[in-house]
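Peer 1: I have a structure I would like to understand better, so I am pasting it below and will then ask my questions one at a time.
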Amino acid sequence: MPPKIAIIGAGPAGLTLARLLQHNSIPCTVYEGEENRHARTQGGCLDLHEGSAQVALRECGLFDQFLAVARTEGEVLKIYQPDGTLLLDEGSDYGEKRPDSFHGRPEVDRVKLRNMLIDSLEWGSLRWGHKLQKVTTEASGARLQYDLHFDDHVETGIDLVVGADGAWSRVRHLLTDTRPLFSGITGVDVKYSAIDQADPALAQRVGRGMCLTLGSHTTVLSQRNGDGCVRSYGFMRLPEDWHTTCGIDWAQSQQAKREFVDRYYDGFNEGAKSLILDADDDIVPRPMYMLPIGHKWQHRAGVTLIGDAAHLMTPFAGVGVNVGMEDALELGRAIIARKASWEEPFSESILSAAVRQYEDAMFPRAEGYARETWMYLNLFFNERGGHAMCEHFARAKQDKQAKEAKVASAEETGVAKTVVVDEDAITVE
Ligand SMILES: Cc1cc2nc3c(=O)[nH]c(=O)nc-3n(C[C@H](O)[C@H](O)[C@H](O)COP(=O)(O)OP(=O)(O)OC[C@H]3O[C@@H](n4cnc5c(N)ncnc54)[C@H](O)[C@@H]3O)c2cc1C
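Terminal number for the sequence shown in the working numbering: 444, no gaps in between.
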């Protein structure tokens, strides 16, 4: 009999794992706290990277469906100074471009990605309205198993619990006492609907992809979505409790937007201010949290974490969902590889070996992404605004060219046997 696998959370990481397992005839159930797929607006869009999320979608058998909803035109970036000076415009070849590693990352609306994954699951295997409260251990007979406690009932006899329940995971405490830390960055989230019709000039200012206005430790970060809206984040360095102590009444949205902009965006051009001031009614405070860089835990049979539950990061390197889907891919592959060995009798040590293999590879991988994210956080929020980011892109490209030149000269002199080139490292073996 196959193991009973429970995945907690129907975000991108949990859904990808469920699809991958089911696509390989391994049963599993996803328990999601929300009542249905429409219970909450899913936020903006995500760029899915070639080497991680896109590989996961290929192995899920969903790559063509992904291409149908992906927007390659959304890969462009603009960076403005607060006074409106343009520092970079990838759409028009102006300014210093990002390094090549930023290409091949089409945008997809979060809601479209989620719907595609939900629709790919076996009927009845995604249980909506199941908000996990706690997990307890049961050693029933020869097998170590877990019970899942929901508001009104308990699911018993689970062989593997995968916590894919995001930043505030209810599974994490089984593995570690570590909790997310405030990153030092907070602010608001707003959405400007139908911007092309409402303000064509402002829409053009934003462009087809991402538009950053970077001041001294203060930013307006905007991103166009597939439904014609632009989502903007007014983020800056402020204390964790700022949104409750600043005196702004967030329920009075018009007044809140005005007070927020007047107070924090002195010296910013009207376009950047308008992305917040003239946005739709809702203005939502959003303090940003992260798990410590290098967060890990001691392996425990029958429980693991993937996605934000395992390694919550701020969004400043734009990698969170990609790392989460790569987790799903790696855990899925490790389980699938052992499928033949549990036909009869089931052995928990085989499943445990799969989880251990995933965790051993995931910890250093996630740490690398967390370090990159921290570096980008400090590029977004520094006293020199967008200049620091543009200089970083220029330096990264120069470093890459220098490494490539070194490899070429080693090849010419016959020193190199094998050359491995990727964006961060070029090794000659
Ligand atoms: C403002 C912002 C912008 C971002 N932009 C990007 C970007 O451009 N690119 C990128 O790669 N990443 C980005 N990220 C990060 C990305 O959103 C996350 O890394 C990604 O969503 C993590 O996926 P997940 O499946 O691990 O968790 P989540 O997406 O958080 O999903 C967790 C799921 O678990 C459910 N859940 C929670 N608790 C329970 C419970 N107790 N019981 C049952 N279900 C539960 C939730 O309802 C949810 O459906 C951004 C994040 C933010 C905040």
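Glycine residues also receive a C-beta, built at the ideal position from the N, C-alpha and C atoms.
(1) Could you pull the start and end residues of the beta strand (DSSP E) that A349 belongs to?
(2) Between the alpha carbons of L30 and T100, how many angstroms are there, rounded?
(3) Are the segment 246 to 260 and the segment 197 to 205 touching by the rule of at least three beta carbon pairs closer than 8 Å?
(4) Taking Cβ positions, are V169 and G178 nearer each other than 8 Å?
(5) Is I365 helix, strand or coil when you go by DSSP?
(6) Mapping the DSSP letters down to three states, classify C75 as helix, strand or coil.
(7) Taking the CB atoms as reference points, tell me whether Y248 and D204 lie closer together than 8 Å.
(8) Are at least three pairs of beta-carbons, each pair with one atom in the segment 329 to 341 and one in the segment 59 to 67, less than 8 Å apart?
(9) Alpha carbon to alpha carbon, how far is P42 from L163?
(10) Kindly indicate which three-state DSSP category D211 falls into: helix, strand or coil?
(11) Is A385 closer than 8 Å to M328 when the C-beta atoms are compared?
(12) Is any heavy atom of ligand 1 found at a distance shorter than 7 Å from the C-beta of Y384?
(13) Do you know offhand how far P18's Cα is from D174's?
(14) Quick one: does the C-beta of R185 sit closer than 7 Å to a heavy atom of ligand 1?
(15) Quick test of your reading: G286 and A28, contact by CB under 8 Å. State the CB separation rounded to the nearest angstrom.
(16) Using DSSP bridges, identify the partner residues of H164.
(17) Going by the beta-carbon positions, is the gap between Q148 and D134 smaller than 8 Å?
Peer 2: On the basis of the supplied data:
(1) Where A349 is concerned, there is no enclosing beta strand (DSSP E), although the alpha helix (DSSP H) it sits in stretches over G335 to A352.
(2) Going by the C-alpha atoms only, they are around 42 Å apart.
(3) yes
(4) no
(5) Under the three-state reduction of DSSP output, I365 falls in the helix class.
(6) Coil at C75, not helix or strand.
(7) yes
(8) yes
(9) 17 Å
(10) If DSSP states are grouped into helix, strand and coil, D211 belongs with the helices.
(11) Yes; because the gap between Cβ atoms is below 8 Å, this pair is in contact.
(12) Not so, every heavy atom of ligand 1 lies at least 7 Å from the Cβ.
(13) 6 Å
(14) It does: the Cβ of R185 is within 7 Å (strictly closer) of some heavy atom of ligand 1.
(15) Actually they are not in contact, since the Cβ atoms of G286 and A28 sit about 36 Å apart, beyond 8 Å.
(16) Paired residues: K149 and V169.
(17) no
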